[in-house]
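Student: Residue numbers (full-length UniProt numbering): 1 to 279.
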């Protein structure tokens, strides 16, 4: 039997399941950890969500997500900080110290990428003390460059590490998400750097499917269905010292439309075959 002790279901993978259904699915499948999205937590209610997960005996590998820190106006900046502080408190209630941040894209009508990235750095500096006070690590997630304009102006692991550099490693970490970073010529060196700096907070896996979907968000695929070399990337992450949970996060309409238990069965098989041997 395969060792599933590090496997985590990110609830985006089973989008049509409620949090309770995802928790029950993990229990049936023998998956020991879950990475909930905040929308599912909010639907259930924070206290109930925390109880559901705890009573099922699952770990919370991370909470997705905070971020979107690029508002150009004072009102938008204040709203973003308030939402991120709420997310920190939700992470505490769910007993996870890893809060993903997707930093945000250009403000409406904006073309000044440099200014927008500076606002990310400024807002991060305002958020870090609150997160540290509550024992939560902010996890910067670089996204594939095709999402730079609307979702994340941080596209490489190197950029994320530079942004994290002013802060202790237990305050700001980074995520290695195979879908977003597989293409980067500097990936090996930056994973090694992240390991030296002890900043790898999460390893997320899914594949990069071709052709790219009309909605590019839905181009994530089950491991083995696309172009990603999990053996190489996984060994780099392992050799950098990461031994934490491995989340499977997939946005894919066909997978969302499939039976959830069947999706988890395939996920376990592909994890055991393609990810675990190199992790």
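Ideal placement from N, C-alpha and C gives every residue a C-beta, glycine not left out.
Whose C-alpha, out of 58, 75 and 81, is nearest the C-alpha of residue 67?
Tutor: 81
Student: DSSP three-state label for residue 8, please.
Tutor: strand
Student: Spatial neighbours of residue 134 within its chain, please: C-beta separation below 6 Å, excluding the five flanking residues on both sides.
Tutor: Result list for residue 134: 88 and 92, in chain order.
Student: Would you say residue 31 and residue 9 are within 7 Å of each other, going by their C-beta atoms?
Tutor: yes
Student: Can you give me the C-alpha to C-alpha distance between residue 265 and residue 258, rounded to a whole angstrom?
Tutor: The straight-line gap from Cα to Cα measures roughly 12 Å.
Student: If you pair each beta-carbon of the stretch 104–113 with each one of the stretch 67–78, do three or more pairs fall below 8 Å?
Tutor: yes
Student: Apply the 10 Å Cβ neighbour rule to residue 108 and answer buried if 16 or more other Cβ atoms are within range, or exposed otherwise.
Tutor: exposed
Student: Rounded to the nearest angstrom, what separates residue 130 and residue 211 at their Cα positions?
Tutor: 42 Å
Student: Sort out for me which residues DSSP pairs residue 82 with in a bridge.
Tutor: Answer by DSSP bridge pairing: none, since residue 82 is not bridged.
Student: Near residue 248, which residues of its chain fall below 8 Å by C-beta distance, leaving aside the five closest residues on each side in sequence?
Tutor: 7, 8, 9, 10, 13, 204, 205, 206, 223, 267 and 271
Student: If I'm right that residue 275 touches residue 246 with Cβ under 8 Å, what's the distance once you round it to whole angstroms?
Tutor: 6 Å
Student: What are the boundary residues of the alpha helix (DSSP H) that includes residue 159?
Tutor: 157–164
Student: When DSSP builds the beta bridges, which residues end up paired with residue 220?
Tutor: 208
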